[in-house]
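Novice: Supplied in structure tokens, the structure appears directly below.
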Amino acid sequence: MSEAAARRKPDDQPALLDTELEHLPPELRWREWMGRVEAVIFAANEPVTRSVLARVVGKNCNLELIIDDIRAELAGRPYELVTVAGGWQHRTRKAFGDAIHAAFGQQGGQGTKELSRSEALVLMCIAYFQPITRGELSSFFGKEVSRDLIGVLRAQELIASGPRSPQPGAPYTYVTTKNFLSQFGLDTLRQLPDFEALEDAGLLSKKKLLAGDIMPEFSPHHRNADVEIE
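Terminal number for the sequence shown in my numbering: 852, no gaps in between.
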């Protein structure tokens, strides 16, 4: 291995990859960039960010237009290119959810278990009111939110520890994760339905939430919306 190769960091631009493709006419150059971008996204097991895709295209390549052209070519296919968790990812279309469930079972090949009603409600509260402590969640619901319940959400990488609270004892807070955004098809938390707007529209109320009488208005891709009730 050469000294230069030894010094190269793992995520540095590969030395042999021609990203500018100046020897190609514009149309063929664009098609090659499209192919590279789609291949990288297809090969990844999580949303691919702009910074990653920028490694395989020219410096003046407009990634948004590349994505638009890929999406146009996928029209009518059973999968699509979606923007989630700050990146892009291939997802099967919702219309094929029943076929996926029939082939792989209830989990749809996702490898995650269904959320119970309590888990879904706690997750929704964390999403809307993060960073929030377990004690604050318990006060909000009027009963203790167990460590086991928090553990389930952590095990599925839907939540993680946030900054310590300024409360006595400096307990950890909980926040949602990038995987939460990916599972629920969100690009950022700003895409969560506005809590006050839902209340004003009569679709959500804190009273019903505290009573455990509602479910989140959103559900993960390829999961059954009718979660188990404890």
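Cβ coordinates follow ideal geometry from the N, Cα and C atoms, glycine included. All values reported here derive from a predicted model rather than from experimental measurement.
How long is the line joining the alpha carbons of Val-706 and His-645, rounded to whole angstroms?
Specialist: Roughly 34 Å separates the two Cα atoms.
Novice: Roughly how many angstroms separate the alpha carbons of Thr-798 and Val-679, rounded to a whole number?
Specialist: Going by the C-alpha atoms only, they are around 32 Å apart.
Novice: Three-state secondary structure (DSSP) at Arg-713?
Specialist: Arg-713: strand per DSSP, three-state reduction.
Novice: Tell me Tyr-794's beta-bridge partners as DSSP assigns them.
Specialist: Beta-bridge pairing links Tyr-794 to Arg-786.
Novice: Closest to Gly-764 by C-alpha separation, out of Val-744, Asn-684 and Leu-780, would be which residue?
Specialist: Comparing Cα-Cα distances from Gly-764 to each of Val-744, Asn-684 and Leu-780, the minimum goes to Val-744.
Novice: Over the uninterrupted beta strand (DSSP E) stretch that includes Leu-779, give me the two end residues.
Specialist: Note that residue 779 is Glu in the sequence shown, not Leu. Premise fails: Glu-779 is in no beta strand (DSSP E) and is neither H nor E.
Novice: Would you mind reading off the limits of the alpha helix (DSSP H) that contains Glu-758?
Specialist: Taken as a continuous stretch (DSSP letters only), the alpha helix (DSSP H) holding Glu-758 covers 756-763.
Novice: What residues are listed by DSSP as bridge partners for Tyr-701?
Specialist: For Tyr-701, which the question treats as bridged, DSSP gives the partners Thr-714.
Novice: To the nearest angstrom, report how far apart Met-746 and Gly-657 are at their CA atoms.
Specialist: Rounded to the nearest angstrom, the two C-alpha atoms are 38 Å apart.
Novice: By the DSSP assignment, the alpha helix (DSSP H) with Lys-800 in it spans what residues?
Specialist: 800-805 is the span of the alpha helix (DSSP H), which, as asked, contains Lys-800.
Novice: Please go through the segment 661-694 and give each complete beta strand (DSSP E) segment of 3 or more residues, from N-terminal end onward.
Specialist: If we require 3 residues or more, the segment 661-694 turns out to have no beta strand (DSSP E) run fully inside it.
Novice: Give the straight-line distance between the Cα atoms of Gly-708 and Ser-738, rounded to the nearest whole angstrom.
Specialist: Roughly 27 Å separates the two Cα atoms.
Novice: From which residue to which residue does the alpha helix (DSSP H) around Ser-740 run?
Specialist: First-last of the alpha helix (DSSP H) with Ser-740: 739-751.
Novice: Who pairs with Val-706 in a beta bridge, going by DSSP?
Specialist: According to DSSP, Val-706 bridges with Gly-709.
Novice: Would you report the Cα separation of Leu-696 and Glu-702, rounded to the nearest angstrom?
Specialist: Their backbone Cα atoms lie some 6 Å apart in a straight line.
Novice: Check whether the Cβ atoms of Pro-753 and Pro-793 lie closer than 8 Å to each other.
Specialist: For Pro-753 and Pro-793, no; Cβs fall outside 8 Å.
Novice: Grouping DSSP H, G and I as helix and E and B as strand, with all else coil, what is Pro-815?
Specialist: Reduced to three states, the DSSP call for Pro-815 is coil.
Novice: Rounded to whole angstroms, how far is the Cβ of Trp-710 from the Cβ of Ile-688, which I believe are closer than 8 Å?
Specialist: Actually they do not touch by this definition, with Cβ atoms about 10 Å apart.
Novice: Could you work out which residue in Arg-812, Leu-808 and Gln-813 is closest to Val-704 when comparing CA atoms only?
Specialist: Checking every option, the nearest Cα to that of Val-704 belongs to Leu-808.
Novice: DSSP three-state call for Glu-649: helix, strand or coil?
Specialist: Reduced to three states, the DSSP call for Glu-649 is helix.
Novice: Flag this pair as yes or no: are the beta carbons of Glu-660 and Ser-804 separated by less than 8 Å?
Specialist: No, the pair does not count as a contact, with Cβ atoms beyond the cut-off.
Novice: Just the C-alpha distance for Thr-755 and Phe-806, rounded to the nearest angstrom, thanks.
Specialist: Going by the C-alpha atoms only, they are around 22 Å apart.
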